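Student: Numbering (the numbering used here), first residue to last: -13 to 264.
Positions of the beta carbon are idealized from the N, C-alpha and C atoms, including for glycine.
As the structure is a prediction and not an experimental result, all values here were calculated from the model.
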């Protein structure tokens, strides 16, 4: 495990932004390669994403580690679709929480490999000895799960359920890219069509519900995990109130587009182990 140093992390990120500028041709070529398998990315968006973390205030400090009151878990596996947005957020958050990471993407993207290589080079330059790996076979995670302290599963909750049957350590579920939508009227047809278009372009999953039996809807949404993102479209305030009260969800949108300002966020608390010392 590396020596935790916030200033060094910022130097690493500045170096990564510079490295992206210096390797534009290679990165754009990788983006073109990924287009062949239906994945689109933008280099300026990647730089903006990394730049946004330069003034990030981490919950973890070197004093927490010295006092043994809080620290990262150690070795984390993250299972996800392969999007660069998740790759960048995950790597930066594990740096800020004193962890190592193994990325397990469903899509093996060329741009991901390039970004990880640039970050790894900057870590070496700054003598920051953390470990970032990409694993292209989830079966290796199952057979080597003793190497990991915790896993994070991002996406479809039914796939998350399958993963949990084979991975026996703690798993944190993040519903990003997968939402539940309840609509009780055709009056919302236009916005539902809009949601479908956004989901198609971004490879998001939507599970629709329109049953009149609210208890059945609530039961289905709450079936596997309490970590859900739900959009409710109804003009019935009583029905909306009941759903808000009974749904186990991290985020609930009422008659609003859930994809507005929609982005992947990895909760720092999920990556930190707190110790009560008396």
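Relative to the C-alpha of residue 148, which candidate in 65, 238, 174 and 263 has its C-alpha closest?
Tutor: Nearest C-alpha to residue 148: 65.
Student: Three or more C-beta pairs under 8 Å: does that hold for the segment 18 to 34 against the segment 78 to 88?
Tutor: With the cut-off at 8 Å, the segment 18 to 34 and the segment 78 to 88 do not touch.
Student: When you compare only the Cα positions, how much space is there between residue 67 and residue 181?
Tutor: So the alpha carbons of these two residues sit roughly 19 Å apart.
Student: I'd like to know if the segment 208 to 218 and the segment 183 to 190 are in contact, where contact means that at least 3 CB-CB pairs between them fall below 8 Å.
Tutor: Verdict: no, contact absent.
Student: By the three-class DSSP mapping on this structure, what secondary structure does residue -13 have?
Tutor: With a pLDDT of 46 at residue -13, under the threshold of 50, the modelled position of this residue cannot be trusted, and the question is left open.
Student: With C-beta atoms as the reference, is residue 139 less than 8 Å away from residue 159?
Tutor: Against a cut-off of 8 Å, the Cβ pair of residue 159 and residue 139 comes out as a contact.
Student: Under the rule that 16 or more other beta-carbon atoms within 10 Å means buried, what is residue 116, buried or exposed?
Tutor: Residue 116 is buried by the Cβ-count criterion.
Student: For residue -12, which residues from the same chain have a beta carbon less than 7 Å from its beta carbon, with the 5 sequence-adjacent residues on both sides left out?
Tutor: Low confidence applies here, because residue -12 scores a pLDDT of 47, under 50, leaving its location unreliable; read the following figure in that light. The answer, listed in chain order, is 114, 115 and 116.
Student: For residue 40 versus residue 110, is the C-beta distance shorter than 8 Å?
Tutor: No, Cβ-Cβ distance for residue 40 and residue 110 is not below 8 Å.
Student: Below 8 Å, how does it come out for the segment 226 to 240 and the segment 26 to 34: are there three or more Cβ pairs, yes or no?
Tutor: In short, these stretches do not touch, since the Cβ pair count stays below three.
Student: Thinking C-alpha only, which one of 9, 156 and 112 is nearest residue 133?
Tutor: Nearest option by C-alpha distance: 156.
Student: Do the CB positions of residue 89 and residue 76 come within less than 8 Å of each other?
Tutor: For residue 89 and residue 76, yes; Cβs fall inside 8 Å.
Student: When you compare only the Cα positions, how much space is there between residue 152 and residue 63?
Tutor: Their Cα atoms are separated by approximately 14 Å.
Student: For the segment 243 to 258 against the segment 218 to 232, are there 3 or more C-beta pairs whose distance is under 8 Å?
Tutor: Not touching, per the Cβ criterion.
Student: Decide if residue 58 is buried, meaning its Cβ has at least 16 other Cβ atoms within 10 Å, or exposed.
Tutor: Residue 58 should be labelled buried.
Student: From the DSSP secondary-structure annotation, give me the bridge partner or partners of residue 166.
Tutor: Bridge partners of residue 166: 193 and 216.
Student: Mapping DSSP to helix, strand and coil, what is residue 120?
Tutor: The answer is strand: DSSP assigns residue 120 an E or B state.
Student: Look at the Cβ atom of residue -1, then the Cβ atom of residue 6, and state whether they are nearer than 8 Å.
Tutor: In this structure, residue 6 does not lie closer than 8 Å to residue -1 by Cβ.
Student: For residue 2, which beta-bridge partners are listed by DSSP?
Tutor: In DSSP, residue 2 forms no bridge with anything.
Student: Closer than 6 Å by C-beta to residue 122: which residues in its own chain qualify, once you throw out the five before and the five after it? Chain order, please.
Tutor: The answer, listed in chain order, is 94.
Student: Residue 35 and residue 74: beta carbons closer than 8 Å?
Tutor: Yes, they are a contact pair.
Student: Mapping the DSSP letters down to three states, classify residue 252 as helix, strand or coil.
Tutor: Residue state, collapsed to three classes: coil.
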